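Inspection log for the structure reproduced underneath, given as structure tokens.
There are 2 protein chains.
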Amino acid sequence: MSTLQSIRPTARDDAVLNVLADFVTVEGLQPGDRLPTERVLSERLKVSRTTVREALTRWEGLGLVERRQGSGTYLKAAVSRDMFHLPLTFASGNDFESLMQTLEIRRALEAEAAALCAQRAGPKEIAFIREKLEAMEEAFHAHAGMSSEEDWDFHLAIYSVSGNPLFGQIISAMHEAFHRFWEHPLGVRDFGHASFPYHRALYDRIVAHDADGARAEALKLIATVEDDLRRGAANLKTADIK
Amino acid sequence: MSTLQSIRPTARDDAVLNVLADFVTVEGLQPGDRLPTERVLSERLKVSRTTVREALTRWEGLGLVERRQGSGTYLKAAVSRDMFHLPLTFASGNDFESLMQTLEIRRALEAEAAALCAQRAGPKEIAFIREKLEAMEEAFHAHAGMSSEEDWDFHLAIYSVSGNPLFGQIISAMHEAFHRFWEHPLGVRDFGHASFPYHRALYDRIVAHDADGARAEALKLIATVEDDLRRGAANLKTADIK
DNA sequence: TTGGACCAATGGTCCGACCAATTTCGAGGT
DNA sequence: ACCTCGAAATTGGTCGGACCATTGGTCCAA
């Protein structure tokens, strides 16, 4: 009897989510598309708007959906009925240790993603990455410094081409955790500056389908970020003393 | 202005969660403890029960809390204000692809964790790992096969000694996802058998503080699991044809 | 053409009521 | 004194309806 999953006594919202997932599938909705109104769903599914809202709140918490007051509810990721979600929560302070820990995870995953990307990138994927790279380089020269947005787009492209969506999901979370506490790199004016040349080097290794080379360049890139963090931590210490 | 984070116009439920997180911290509540009633919270926080419920629904979706009708709401995990959520979404169920994707993440993280572990393990930590290793080896000889529980304990010890709790949490999530998809290794009787010798090899590299060696052994270990998975997939295919 | 006032649609919050599962507790019997 | 059983209180789940705040578009006038 232990295999018997304890069923939820009340499963109204789950039912709503299943129906909604089917709707998304049937309708072929893509990320960015708008879902039906809460009021419409409530009427169509014959449940109260409260229940619909609880269900959507669940999806919102899982990052599947985004709600914009006055506008509507929008799909943020591909959803289908046979997906399973594994929320993971951890404490992360703004101390040097925590930031370094997110970078340790990134170091491991960036290297692997780069290697897989080099193995799997076809011509179309390479063109896609090249586009992001050039946008980043252009922004760099225009502002005489790293542009976090274009830089991030380049990295996202690599995760995407790796063929494993988990890389993007996990690294994005690390990235967000990192920048939540360090939006204005403490006293490090040229934050990320040193990483610039490694982007093209990484791209070249990917074009050459050189997995080990790509891994090495990704490691060098992350190493510059770790350096920046160390410098920032040193600055912070000085400021504290002052 | 790109650094300007778009703030949520209305953040009542977020505020509720923050206050509640503080409450849990101050009160020293542990997993299993009961939270105040929705009605009490609503009154104390001067917000409607609806808002309290939306907030708790978020936490429930994140697995932080469990609600039992007629009984109350119970803490399921340690919560604090500076907590980070990483919702992972896995593509459709049972296919070989999903399993392999969890292993790709593990490969990257296992290798890095092993390397860090080799760098950072002191005498006490090494003794701790040795204990787990010997328990695993004993179980192996007793049952003439890998014991998943002792095996997992050994790996957990390594993640723990790495000094970065993120390794243990993320890899555990991958592990759970893997086994949810594949509870009964399809037709692979000696699942994990091939990985046995690499455990001691990995331990030896850690004792020697040989980071690169530890990384290499961890990679070999994961490679055997990938092999098992491939064999299982082949079996499955045969079964399908039959 | 453009600027601004207005309006409808949509998510966010609130209230009060009732339903359903669980727990509590006391009456009644042993 | 102890146990059993059922009523009542407690607690989360659902409902309907109301109003607020934000957004996006429309329409009018300068």
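Read top to bottom, the protein sequences are chains A and B. For the first sequence, our numbering gives the first residue as 3, with consecutive numbering after it. For the second sequence, our numbering gives the first residue as 3, with consecutive numbering after it. Glycine residues also receive a C-beta, built at the ideal position from the N, C-alpha and C atoms. Because the structure is a prediction, the values reported are computed rather than measured.
- Contacts between M85(B) and chain A, judged by CB atoms closer than 9 Å, involve T91, F92, A93 and S94 in chain order.
- Among the residues facing chain B, T59(A) is included, as its CB has a counterpart in that chain under 8 Å away.
- The C-alpha of D24(B) is placed about 35 Å away from the C-alpha of G34(A).
- When only Cα atoms are considered, A203(B) and L88(B) end up about 33 Å apart.
- Burial is judged here by how many other beta carbons sit within 10 angstroms of a residue's own beta carbon; A175(A) has at least 16 and is buried.
- Residue nearest to C119(B) within the set D212(B), R233(B), G234(B) and T226(B) is D212(B) (criterion: CA-CA distance).
- Collapsing the DSSP output to three states places L31(A) in coil.
- DSSP places G74(B) in the uninterrupted beta strand (DSSP E) bounded by G74 to L77.
- When C-beta distances to chain A are compared with 9 Å, the residues of the stretch 147-178 of chain B below that value are S164, G165, N166, P167, L168, F169, Q171, I172, S174, A175, M176 and E178, in chain order.
- In this structure the stretch 73-85 of chain B does not touch the stretch 69-87 of chain A; the number of beta carbon pairs closer than 8 Å is below three.
- Here L88(B) carries a strand assignment [DSSP, helix/strand/coil].
- Distance from the CA of L66(A) to the CA of E112(B), rounded to the nearest whole angstrom, comes to 28 Å.
- Within 10 angstroms of the beta-carbon of A235(B) lie 16 or more other beta-carbons, which makes it buried.
- In the DSSP assignment, R36(B) falls outside any alpha helix (DSSP H) and carries neither an H nor an E.
- Taking 8 Å as the threshold, the shortest C-beta distance from A225(B) to chain A does not fall below it.
- Closest option to F142(B), judged by alpha-carbon separation, among P199(B), R46(B) and F183(B): P199(B).
- Comparing alpha carbon positions, the residue from S94(A), V54(A), A123(A) and K134(A) closest to I208(A) is A123(A).
- For R69(A), the beta-bridge partners assigned by DSSP are T75(A).
- Contact annotation: the stretch 96-108 of chain B touches the stretch 169-184 of chain B, with at least three C-beta pairs closer than 8 Å.
- Where R60(A) is concerned, the enclosing alpha helix (DSSP H) starts and stops at R51 to G63.
- Note on geometry: alpha-carbon atoms of T39(B) and L22(B) lie some 12 Å from one another.
- Look at the beta carbons and you see the stretch 128-136 of chain B touching the stretch 153-169 of chain B: at least three pairs across the two are nearer than 8 Å.
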